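Below: one structure, written as structure tokens.
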Amino acid sequence: MDWAEIMRGRVYGADHDDAGPRPDRVYAELVGGPLDGLLLDVTGRPERELREGVALRTEIGAHGPGGRARYALRTADGRHLDWRGDSP
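In structure tokens, the structure reads:
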């Protein structure tokens with residue numbers, strides 16, 4: 000099993016011991032980039048915010064610790080956020 004397979008189905012920012020999705024929440028899958036395959040809890044987030052994009056902290060992006068991976072809503076289905084690049 001490789002790293003990407005281990006990470007699939009895990010929620011971004013969740014506790015490692017309980018990183019699976021919860022039935023009462025709404026999720027979008029992160030596609031591409033350093034957080035590929037993780038789920039982002041989008042419960043209550045305005046669609047406009049997701050279309051404009053979110054910057055998620057990650058240590059495994061191009062800028063290392065403190066860097067962010069930027070993701071924006073894929074307009075076709077609303078269930079995926081596509082990677083738009085990394086920023087410091």
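Under numbering that gives the first Met the number 0, the sequence shown has 21 at position 22, and the numbering climbs by one with no breaks.
Here a beta-carbon is modelled for each residue, glycine too, at the ideal position from N, C-alpha and C.
Quantities reported herein were computed from a predicted structural model and do not represent experimental measurements.
- Item | Pair within 8 Å by beta-carbon distance, arginine 83 and alanine 71 | yes
- Item | beta strand (DSSP E) segment containing leucine 38, residue limits | 38-40
- Are there 16 or more other CB atoms within 10 angstroms of the CB of glycine 32, so buried, or fewer, so exposed? buried
- Item | Helix, strand or coil at leucine 80 according to DSSP, with G and I counted as helix | strand
- Query: DSSP puts valine 30 in a beta bridge; with which residues?
  - Reply: Asp81
- Message: Going by DSSP, what residue range makes up the alpha helix (DSSP H) through arginine 47?
- Response: 46-51
- Please report the residue range of the beta strand (DSSP E) in which arginine 73 lies. Element bounds for arginine 73: n/a, residue is neither H nor E.
- Query: Taking buried to mean at least 16 other C-beta atoms within 10 Å of its own C-beta, is alanine 68 buried or exposed?
  - Reply: buried
- Message: Less than 7 Å separating the Cβ of arginine 69 from some heavy atom of the ligand ADP?
- Response: Within the structure as shown, the ligand ADP is missing, as the structure has no ligands at all.
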